[in-house]
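According to numbering that gives the first Met the number 0, the residues represented by the sequence shown are 0 to 527, in order. From the three backbone atoms N, C-alpha and C, an ideal C-beta is built for every residue, glycine too.
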Amino acid sequence: MIITAVLETDLSVSGSTNLTIVAPSVSMTISPTTANVPAGQTLQFSASVQNSTANVIWQVNGLTGGDAADGTITSTGAYTATYSAPNVSSPLTVTVTAVLQVNPSLAASAGITVVPLDTLTGVYSWRNDNGLTGQNAQETHLTPASVSPTTFGKLFGCSVDGQIYAQPLYVANVAIPNLGPRNVVYVATEHDSVYAFDADASSCQIFWQTSFIDAVPASDIRGETDIVPEIGITGTPVIDPNSATLYVVAKTKESGVYVQRLHALDLTIGAEKFGGPATIQAVVNGSGDGSVAGTISFQSLSLTENQRSALLLAGGKIYVAFDSYADTDPFPGWLFAYDAGNLQNLQTVPAVFNSTPNGSHGGIGESGAAPSSDVTRSPNVRGNVFVVTSDGKPFDPNTGSDYPETLLKLQINAAATGFTVASSFTPWNEATLNLQKYFGSTGVLLLDSAASTVPLAIAGGEGGSLYLLSRDNLGGFNGPNGPDNVVQTLCLTADGNSGLPASILGTPAYWVNNNVPTVYVAAADDTL
0 MIITAVLETD LSVSGSTNLT IVAPSVSMTI SPTTANVPAG QTLQFSASVQ NSTANVIWQV
60 NGLTGGDAAD GTITSTGAYT ATYSAPNVSS PLTVTVTAVL QVNPSLAASA GITVVPLDTL
120 TGVYSWRNDN GLTGQNAQET HLTPASVSPT TFGKLFGCSV DGQIYAQPLY VANVAIPNLG
180 PRNVVYVATE HDSVYAFDAD ASSCQIFWQT SFIDAVPASD IRGETDIVPE IGITGTPVID
240 PNSATLYVVA KTKESGVYVQ RLHALDLTIG AEKFGGPATI QAVVNGSGDG SVAGTISFQS
300 LSLTENQRSA LLLAGGKIYV AFDSYADTDP FPGWLFAYDA GNLQNLQTVP AVFNSTPNGS
360 HGGIGESGAA PSSDVTRSPN VRGNVFVVTS DGKPFDPNTG SDYPETLLKL QINAAATGFT
420 VASSFTPWNE ATLNLQKYFG STGVLLLDSA ASTVPLAIAG GEGGSLYLLS RDNLGGFNGP
480 NGPDNVVQTL CLTADGNSGL PASILGTPAY WVNNNVPTVY VAAADDTL
């Protein structure tokens, strides 16, 4: 293009120059760039085009609009995954592409993994399974190759109404009314609320919120400075995927009375199920802390009993354990078992265990771990439940009634009103541990048959000792001089070489790595 300027008073005088017009660079991005889409579900894509108002054409594996084999996509970018995805060992992967309509050479793409419906799973409980292994055997996307500082990190966050101490849980393909199947994250707060969030929506869509008010002010409990400013739901809930039910314990203050209830909530709408909620209450014989006229009432101790441990679903029963708030007396350890399918069935007289009916303390906190079990969630299967109690007194192996600082193997009795101690282990130096570094700061990790032909368990304590035990015979008590009658004791030290005990405050994890059973443990001031 030539531009010429002519003098207005003398048209014979002029000047010219060449002008080249450079079009602005057109670019395009697509969001999201990677995603897992369950078969049959829809994911919305968006394309952002810079320096152009032209429309885009959406393709799946190079085909405009997609097809039945690889999934379809609308003109507005809504991709629906196919129902014909292969098995989880070889998931279907497709490429979604946005192509600029006026310039097909300009495009942006995203990689999609289609997850078959029959492999959809979730995080239903604390640490994924009743053995507390920490492994997710159904994971399809997170691998050593895919997890790196550049590919793994925070995607988005959602606000809630209180502190979160419980582990969030996840369920795929939940049939939300009027919306269809959705992936859902369930979150419980100390403000006594349970949320159901869309797991895939950065807009933080809430499918439902159920609240149990009012939460207990932390100032009501003498010495409580950890969970502030209020106490509501602390222990991690548990989910039964077969009945689409979430079980959770909420603590409330009602007209000056402290109450703890077990709720069964519908995963799809948050409504109560199975005759719930059940008020947690029991009376046992005993002369220990909190007793009146030879009995101990849980209801009278509801303020100081902390439902810290995660819930366990095993053999069709919901197990609920209790500990303390900052060692505020009185707080004997309690374990309750409710009928998962009918909370009213055992509401007035659930199966109940008190760890120190004639003593004090002995809470079942396990740093938030759930009781473990060698049976699955399936109903009507009688098995064993494993818990560890914390500091308390007195321990007397001859009484058979008080079990502070003890790992217990428990079975519900035939009448379903209490528990039988099938086996136990108390460290030989329990008296010293009771004063300094207590046992019971982890849950009981159960190892599978890949580790040994003998069923094994692992538990640790604040004293730095990690115990490997036979589940057939936990070892009893071999005090006051020891040694413990266990398979092995491993002592962890701070910084690996200082010689000082490293407190074990988290349950170890278990993984069979290349056919080698491996236990992972991280103690305070120590290495993994």
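Non-local beta-carbon contacts of Leu302 in its own chain, meaning distances under 6 Å to residues more than five positions away in sequence, involve Tyr257 in chain order. One alpha carbon belongs to Gly152, the other to Pro143, and they sit about 14 Å apart. Nearest to Gly64 by C-alpha distance, out of Ala80, Ala195, Ala198, Trp510, is Ala80.
The distance from the Cβ of Ile232 to that of Asp191 is about 6 Å, consistent with a contact at the 8 Å cut-off.
By a beta-carbon distance limit of 8 Å, Pro228 does not contact Gly285. Their separation comes to about 34 Å. Asp326 places its beta carbon 9 Å or farther from that of Asp288. If you compare the alpha carbons of Ser51, Gln40, Val93, Ser26 with that of Gln58, the shortest gap goes to Val93.
In this model, Gln166 and Ala263 are separated by some 17 Å (Cα to Cα). The Cβ atoms of Leu444 and Ser502 lie no closer than 9 Å to each other.
The criterion of a C-beta distance shorter than 9 Å is satisfied by Val173 and Leu266. Per DSSP, Ala501 lies in no beta strand (DSSP E) and is assigned neither H nor E.
Under the DSSP assignment, Glu429 falls in the alpha helix (DSSP H) whose first and last residues are 429-434. A Cβ-Cβ distance of about 6 Å is found for the pair Leu342 and Leu261, placing them in contact under the 8 Å criterion.
Exclusion of the five residues before and after Asn305 leaves Asp322, Ser323, Tyr324 as the residues of its chain whose Cβ lies within less than 6 Å of its Cβ. In this structure, Val184 keeps its C-beta atom at 9 Å or more from the C-beta atom of Gln208.
Residue environment for Val453: exposed (fewer than 16 other C-beta atoms within 10 angstroms of its C-beta).
In this structure, Val386 and Leu468 do not form a Cβ contact; the two beta carbons are roughly 14 Å apart against a cut-off of 8 Å. Assigned with DSSP and collapsed to three states, Asp322 falls in strand.
Only exposed fits Leu527, as fewer than 16 other CB atoms lie within 10 angstroms of its CB. Secondary structure at Asp524: coil, using DSSP grouped into helix, strand and coil.
A straight-line Cα-Cα distance of about 29 Å links Pro426 and Thr294.
Rounded to the nearest angstrom, the gap between the Cα atoms of Thr28 and Ser47 is 5 Å.
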